[in-house]
Amino acid sequence: MSDLRDLYQEVILDHNKRPRNFRILPEPTHKADGVNPLCGDRVSVFLDIQDGIIKDIAFQGAGCAISSASASLMTETLKGKPVAEVDHLFDAFHDVVTTDCACPKGLGKLGVLAGVRDYPSRVKCATLAWHAVRAALQQRQQPVATE
Amino acid sequence: MSAPQSMSTAPAHDATLDVARIRAEFPILSQKIHGKRLVYLDNAASVQKPQSVLDAITDCYSRYYANIHRGVYLLSERSTTAYEGAREKVRAFLNAASAQEIIFTRGTTESINLVASSFGGSTLQAGDEILITGMEHHSNIVPWQLLCQRTGAALKVVPFTDAGELLLDEYQRLLDSGRVKLVAFVHVSNALGTINPAKTLIDLAHARDVPVLVDGAQAVAHLPVDMQALDCDFYAFSSHKIYGPSGVGVLYGKQALLEAMPPYQGGGDMIRLVTFEKTDYADLPNKFEAGTPNIAGVIGLGAALDWLNALGLAAVAAHEHALLEYATAQLSAIPGLHIMGTARNKAALVAFTLRGAHPHDIGTILDREGIAIRAGHHCAQPVMQRYGVPATARASFAAYNTRDEVDALVTALWKVKELFE
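Chains as they are written, first to last, in our numbering: chain B, 114 to 260; chain D, 51 to 471.
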């Protein structure tokens with residue numbers, strides 16, 4: 114089980130069981146849905162953006178432990194960040210879950226998802242919520258898909 | 051040898067399979083995955099291939115391969131004989147009346163699309179209805195939706211019980227609209243394991259002169275099917291789910307229907323005479339086999355049917371049923387595990403959810419234990435919606451699976467619980 118613990122770290126199991134910011138924002142400035150057509154996982158993200166800053170961010174949805182924990186950790190990381198940093202943070206996070214690079218400081222606890230890099234079929238689970246955030250910022254009406 | 055036609059008239063095979071000997075015929079099964087013995091329980095998605103099938107394909111390519119039907123040289127004649135020999139094997143396996151009723155396609159999906167496009171496209175019109183069931187695979191939903199969009203016909207759906215059994219009263223009620231022009235249903239559900247009462251469903255449709263297509267993808271490797279006894283109008287299945295290679299499928303169709311239908315695709319091999327003004331089409335089955343087919347794949351399917359006939363489908367069915375009963379009992383004993391699909395007549399697959407663990411996480415953890423199962427919606431999203439779950443985990447069995455492998459599955463599921471509770 115030791116190698117599985119690299120993937121399913123305590124922080125991930127905790128965020129899966131008790132996801133943070135798991136709610137609906139009643140009046141979001143931005144929102145979008147993300148779907149993973151392979152597994153049917155769905156996530157909706159809600160953002161409240163004021164003066165270029167993410168004042169509040171929340172999500173809803175049903176997914177596996179990796180996608181739920183990733184969405185939960187993402188909301189913690191992005192809250193209070195300038196919108197202008199989102200693309201950069203997504204790229205950095207994508208590198209964390211797909212390459213051997215070290216986790217940059219700005220990503221906070223998201224480094225616990227580095228174990229995903231050994232499970233290529235699960236990278237889409239880890240990045241689903243991020244795709245949805247990017248779609249929300251681009252004001253896309255159609256749900257964004259990981260495929 | 052001819053195929054068993056039903057459980058009762060199957061040739062006298064020993065009811066118990068020599069599973070150790072069967073396993074030795076599957077080279078892929080002897081490997082380790084993540085250092086653990088491979089336990090392959092994703093047979094409803096695709097079945098592994100015995101050595102005799104691999105040999106038949108290699109033999110074709112290394113000894114007698116050439117394009118079929120038109121060659122006047124020896125290799126082409128040999129390839130043609132082997133290819134048409136496989137068609138006769140399929141005919142015998144299905145107990146179809148004529149080899150002309152056997153069309154080779156790329157798979158179940160293409161077989162259904164062929165009927166939707168050719169039969170549906172030439173017979174349906176606005177106001178007509180197509181009747182399917184609530185437990186169809188996407189491949190027996192989407193082609194009909196496309197047809198409905200083209201023709202203005204409407205798609206109607208037969209509901210099923212919590213156990214996963216079709217509501218026959220509802221089926222009859224929907225047929226009674228008088229507008230149904232085609233019934234299409236899955237013989238064995240890939241998401242629930244339900245074996246639908248095919249003969250009853252076909253007879254009820256025929257009582258109203260409605261033709262019937264049966265999606266047999268999950269049926270043919272697990273229970274004997276007989277076209278003349280069932281009296282269905284179309285029957286579709288895939289080679290890769292019956293120990294043959296992927297990329298090959300079969301469409302059985304009644305000769306009179308196939309003869310009346312327009313071609314599905316145009317091209318070589320499906321013509322009698324082509325001029326720029328007009329084309330006369332070839333006779334069955336070539337009319338529906340445009341272009342060079344998957345020659346070695348079809349020959350591999352023939353070898354797979356030989357292999358399965360030698361085992362005896364009745365013996366395979368009995369072995370798999372025993373595994374199903376054992377797995378159902380063992381899995382039911384795990385607290386928080388819920389089995390989806392508990393039809394009285396069920397094929398050897400168990401779809402389940404486990405409290406606190408998403409099926410994808412179950413799939414990943416089992417993989418680390420060397421166990422291959424499927425996790426997801428199984429291309430049957432309406433079934434998931436029916437039960438209000440996003441996905442399930444599914445273990446499905448074949449002739450080579452053992453009780454030890456069920457035990458390995460159960461042990462691994464306890465590890466999943468340990469991690470997520």
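The beta carbon of each residue, even a glycine, is placed where N, CA and C say it ideally should be. Bear in mind that the values here come from a model prediction, so they are computed numbers and not experimental data.
Chain B contact for residue i (CB, 8 Å cutoff)
i, result
"Asp64 (chain D)", "With a pLDDT of 48 at Asp64 (chain D), under the threshold of 50, the predicted position of this residue should be treated as unreliable, though the coordinate-derived value follows. Not closer than 8 Å to any Cβ of chain B, the Cβ of Asp64 (chain D) fails to qualify, so no."
"Phe402 (chain D)", "no"
"Leu469 (chain D)", "yes"
"Lys150 (chain D)", "A quick correction: the sequence has Gln, not Lys, at residue 150 (chain D). No, because no Cβ of chain B sits closer than 8 Å to the Cβ of Gln150 (chain D)."
"Val69 (chain D)", "no"
"Phe284 (chain D)", "no"
"Thr59 (chain D)", "Here the model assigns Thr59 (chain D) a pLDDT of 40, short of 50, so the residue's position is not dependable, and the following value carries that caveat. So, not an interface residue."
"Val456 (chain D)", "no"
"Ala53 (chain D)", "Model confidence at Ala53 (chain D) stands at a pLDDT of 40, short of 50, so the residue's coordinates are unreliable; what they give is reported in the following sentence. Not closer than 8 Å to any Cβ of chain B, the Cβ of Ala53 (chain D) fails to qualify, so no."
"Ser56 (chain D)", "Reliability fails at Ser56 (chain D), whose pLDDT of 41 lies under 50, so the model's placement of it is uncertain and the value that follows must be treated cautiously. It does not; no Cβ of chain B falls within 8 Å."
Neighbour list for residue i in chain D, Cβ cutoff strictly below 7 Å
i, result
"Ala175 (chain B)", "Pro440"
"Ala178 (chain B)", "His408 and Asp411"
CB contact below 8 Å: residue i versus chain D
i, result
"Gly228 (chain B)", "no"
"Cys152 (chain B)", "yes"
"Ala248 (chain B)", "no"
"Met114 (chain B)", "Unreliable placement is indicated for Met114 (chain B), whose pLDDT of 46 sits below 50; no coordinate value is reported for it."
"Ala197 (chain B)", "no"
"Arg261 (chain B)", "The structure shown does not extend to residue 261 (chain B), since chain B is modelled only from 114 through 260, so no value can be given for it."
"Arg253 (chain B)", "no"
"Cys238 (chain B)", "yes"
Contact list for residue i against chain B, beta-carbon separation under 8 Å
i, result
"Gly426 (chain D)", "Leu151, Cys152 and Gly153"
"Met434 (chain D)", "Gly153"
Proximal chain D residues relative to residue i, where beta-carbon distance stays under 8 Å
i, result
"Ala184 (chain B)", "Within chain D, no residue comes near Ala184 (chain B); the closest Cβ sits about 13 Å away, beyond 8 Å."
"Arg136 (chain B)", "Those do not exist, as Arg136 (chain B) stays about 19 Å from chain D at its closest Cβ, beyond 8 Å."
Under 9 Å from the C-beta of residue i: neighbouring residues of chain D
i, result
"Leu126 (chain B)", "Leu469 and Phe470"
Amino acids of chain B, ordered along the chain, whose beta-carbon sits closer than 7 Å to that of residue i
i, result
"Arg418 (chain D)", "Asp116 and Leu117"
"Ile415 (chain D)", "Leu117"
Neighbouring residues, chain B, relative to residue i (Cβ below 9 Å)
i, result
"Gln431 (chain D)", "Gly153"
Beta-ladder partner(s) of residue i, from DSSP
i, result
"Arg87 (chain D)", "D:Lys82"
"Phe402 (chain D)", "D:Ile389 and D:Ala443"
"Val233 (chain D)", "D:Leu181 and D:Val262"
"Thr244 (chain D)", "D:Lys396"
"Lys206 (chain D)", "D:Leu181"
"Tyr285 (chain D)", "D:Val264 and D:Tyr302"
"Arg453 (chain D)", "None, per the DSSP bridge assignment."
Residue i beta carbon near the ligand MN (any heavy atom closer than 7 Å)
i, result
"Tyr232 (chain B)", "Absence of the ligand MN from the depicted structure is noted, as is the absence of any ligand whatsoever, leaving it without description."
Check: Pairing CB atoms from the stretch 303-321 of chain D with CB atoms from the stretch 81-101 of chain D, are three or more of them under 8 Å?
Finding: With a cut-off of 8 Å on Cβ pairs, the stretch 303-321 of chain D is not in contact with the stretch 81-101 of chain D, counting fewer than three such pairs.
Next item on the list: Could you tell me whether the stretch 75-82 of chain D touches the stretch 182-190 of chain B, using the rule of 3 or more Cβ pairs below 8 Å?
Entry: At 8 Å Cβ cutoff, the stretches do not touch.
Notebook entry, point to check: At a cut of 8 Å, does the stretch 394-414 of chain D reach the stretch 432-452 of chain D through at least three beta carbon pairs?
Noted result: The stretch 394-414 of chain D is in contact with the stretch 432-452 of chain D.
Checklist line | the stretch 368-375 of chain D in contact with the stretch 341-356 of chain D per 3-pair CB rule at 8 Å | finding: Touching, no, given that fewer than three Cβ pairs across the two stretches are closer than 8 Å.
Next item on the list: Pick out the complete alpha helix (DSSP H) segments inside the stretch 296-381 of chain D, 4 residues or longer, and give them in chain order.
Entry: Segments of the alpha helix (DSSP H) lying fully in the stretch 296-381 of chain D: 305-310 and 345-361.
Next item on the list: Write down every uninterrupted run of the beta strand (DSSP E) in the stretch 115-199 of chain B whose length is 3 residues or greater and which is fully enclosed by it, in chain order.
Entry: As far as the stretch 115-199 of chain B is concerned, its whole beta strand (DSSP E) runs of at least 3 residues are 143-149, 154-163 and 166-175.
Item checked: Continuous alpha helix (DSSP H) assignments of at least 4 residues falling wholly in the stretch 220-258 of chain B -> DSSP runs (the alpha helix (DSSP H)) wholly in the stretch 220-258 of chain B: 236-250.
Notebook entry, point to check: Quick check: the stretch 143-162 of chain B against the stretch 423-430 of chain D, are there 3 or more CB pairs under 8 Å?
Noted result: They touch, by the three-pair rule.
Notebook entry, point to check: If you pair each beta-carbon of the stretch 406-416 of chain D with each one of the stretch 249-269 of chain D, do three or more pairs fall below 8 Å?
Noted result: By the C-beta criterion, the stretch 406-416 of chain D is judged not to be in contact with the stretch 249-269 of chain D, since fewer than 3 inter-stretch pairs fall below 8 Å.
Check: Does the count of Cβ pairs from the stretch 272-284 of chain D and the stretch 216-223 of chain D closer than 8 Å reach three?
Finding: Remark: fewer than three beta-carbon pairs, one from each stretch, lie closer than 8 Å, so the stretch 272-284 of chain D and the stretch 216-223 of chain D are not flagged as touching.
Check: In chain order, which alpha helix (DSSP H) runs of at least 4 residues are fully inside the stretch 91-154 of chain D?
Finding: Those alpha helix (DSSP H) runs which fall completely within the stretch 91-154 of chain D and span 4+ residues are 101-109 and 124-144.
Note to self: Between the stretch 64-75 of chain D and the stretch 258-274 of chain D, can you find at least three pairs of beta-carbon atoms closer than 8 Å?
What the structure shows: By the C-beta criterion, the stretch 258-274 of chain D is judged not to be in contact with the stretch 64-75 of chain D, since fewer than 3 inter-stretch pairs fall below 8 Å.
Margin query: With a threshold of 8 Å, are at least 3 pairs of Cβ atoms found where one atom belongs to the stretch 431-438 of chain D and the other to the stretch 346-365 of chain D?
Written below: A contact between stretches requires three or more CB pairs, one per stretch, nearer than 8 Å, and the stretch 431-438 of chain D fails this requirement with the stretch 346-365 of chain D.
Notebook entry, point to check: Does the pairing of the stretch 186-201 of chain B with the stretch 160-170 of chain B give three or more beta-carbon distances under 8 Å?
Noted result: Yes, the stretch 186-201 of chain B touches the stretch 160-170 of chain B.
Notebook entry, point to check: Pairing CB atoms from the stretch 280-287 of chain D with CB atoms from the stretch 255-266 of chain D, are three or more of them under 8 Å?
Noted result: Output reads yes: the stretch 255-266 of chain D touches the stretch 280-287 of chain D.
Check: Between the stretch 145-157 of chain D and the stretch 177-185 of chain D, are three or more C-beta pairs nearer than 8 Å?
Finding: Judged by Cβ distances under 8 Å, the stretch 145-157 of chain D makes no contact with the stretch 177-185 of chain D, as fewer than three pairs qualify.
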